[in-house]
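Student:
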Amino acid sequence: MHPSELIVTDPNQYREITNSDILPSEILDGEFLVLLFLACERIAVLLSNIKKLVEYILFKLQLSGALVRTKIADWLNT
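Under the working numbering, the first residue of the sequence shown carries the number 16, and numbering increases by one thereafter.
1. Please report the straight-line C-alpha distance between residue 49 and residue 58, rounded to a whole angstrom.
2. Short of 8 Å in beta carbon distance, which residues of its chain neighbour residue 86, apart from the five on each side in sequence? Order them along the chain.
3. Pull up the distance between the alpha-carbon of residue 95 and that of residue 71, whole angstroms please.
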């Protein structure tokens, strides 16, 4: 069974999700939808921050690579 098909009822025990675990009335409940929206919003912010971090790291790597190339060129020219 795939881990995404399991829910935690006890930290040491997993069980299979059944239809009775997710009722249509609960899915349409306003509070549930608000919580779902907030969770999606937080995930979007997290992904955006990860993207910015990766872009920053790549930028720094490009700068350090350019600095190394400059130092090597300076060393070869002397």
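Heads up, the beta-carbon is just placed ideally off N, CA and C, and yes, glycines get one too.
Given the structure is predicted, the values throughout are model-derived calculations rather than measurements.
Tutor: According to the structure data:
1. For the purposes of this step, residue 49 is taken as residue 34 along the sequence shown, with counting starting at 1. For the purposes of this step, residue 58 is taken as residue 43 along the sequence shown, with counting starting at 1. In a straight line, the C-alpha of residue 49 is about 14 Å away from that of residue 58.
2. On the sequence shown, residue 86 is found 71 positions in, with the first residue counted as 1. Its chain contains no residue whose beta carbon lies nearer than 8 Å to that of residue 86 once the 5 sequence neighbours on both sides are disregarded.
3. In the structure as shown, the chain begins at 16 and stops at 93. Residue 95 is therefore absent and cannot be evaluated.
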